[in-house]
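Colleague: In my numbering, the protein residues as written are 6 to 128. Cβ atoms here follow ideal geometry from the backbone N, Cα and C, with glycine treated the same way. Take a look at the following structure, please.
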């Protein structure tokens, strides 16, 4: 979101720094996520009924879109690196909403799995 606001304000250098940090942060998260899931037992969702359907819809759409957006993110990085900003911006208009969706749904999945419907939660 900050990168979007920076570029809309015409602050290209700030946008570049923010987006590089976002990509690095995403890569570190993905690495830690994969390490965790390859080395530890999965945590099961504790919700029932409609919440179970909502959770799995969010989870599946999150995973699919996160995987599908990766080549587009790499393409945007390459276009920006080559100073092909018009092409970069055109692609970013399509990829940015997906990145925002996966960012928000990732947090929702975490909250639903470990906080809201955890067998360990106080509710």
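DSSP on residue 53, reduced to helix/strand/coil?
Modeller: As a first step, residue 53 must be located in the chain shown, where it is residue number 48. It is coil, neither helix nor strand.
Colleague: With the cut-off set at 8 angstroms, would you say residue 38 and residue 119 are in Cβ contact?
Modeller: Here residue 38 is taken as the residue at index 33 of the chain shown, counted from 1. Here residue 119 is taken as the residue at index 114 of the chain shown, counted from 1. No. Outside cutoff.
Colleague: Quick check on residue 123: does DSSP put it in helix, strand or coil?
Modeller: The residue given as residue 123 occupies position 118 in the chain shown. Three-state DSSP puts residue 123 in coil, outside helix and strand.
Colleague: So is residue 65 buried or exposed if we call it buried at 16+ other beta carbons inside 10 Å?
Modeller: The residue labelled residue 65 in the question sits at position 60 within the chain shown. The residue is exposed, with fewer than 16 neighbouring Cβ atoms inside 10 Å.
Colleague: Drop a sphere of 10 angstroms on the beta-carbon of residue 60, count the other beta-carbons inside from all chains shown, and report buried for 16 or more, exposed for fewer.
Modeller: Taking the chain shown and counting its residues from 1, one reaches residue 60 at position 55. By the neighbour-count rule (16 or more Cβ atoms within 10 Å), residue 60 is buried.
Colleague: Is it buried or exposed for residue 8, if we count other Cβ within 10 angstroms and need 16 for buried?
Modeller: For this step, residue 8 is matched to residue 3 along the chain shown. Residue 8 should be labelled buried.
Colleague: So, at 6 angstroms on beta carbons, what are the nonlocal neighbours of residue 85 in its own chain, with the 5 sequence-adjacent residues on each side left out?
Modeller: Counting from 1 along the chain shown, the entry for residue 85 is found at position 80. Around residue 85: 93.
Colleague: Ignoring anything shorter than 4 residues, give me the alpha helix (DSSP H) runs that lie fully in the segment 32-98, in order along the chain.
Modeller: Qualifying alpha helix (DSSP H) stretches, in chain order: 55-86.
Colleague: Are the beta-carbon atoms of residue 19 and residue 32 separated by less than 8 angstroms?
Modeller: Along the chain shown, one-based indexing puts residue 19 at 14. Along the chain shown, one-based indexing puts residue 32 at 27. Not in contact: residue 19 and residue 32 (Cβ atoms no closer than 8 angstroms).
Colleague: Between residue 57 and residue 71, what straight-line distance do the alpha-carbon atoms span, to the nearest angstrom?
Modeller: As a first step, residue 57 must be located in the chain shown, where it is residue number 52. As a first step, residue 71 must be located in the chain shown, where it is residue number 66. Each residue's alpha carbon lies about 21 angstroms from the other.
Colleague: Measuring alpha carbon to alpha carbon, tell me which residue in 101, 21, 114, 116 is nearest residue 74.
Modeller: Taking the chain shown and counting its residues from 1, the one referred to as residue 74 is at position 69. Residue 74 has its Cα closest to that of 101, out of 101, 21, 114, 116.
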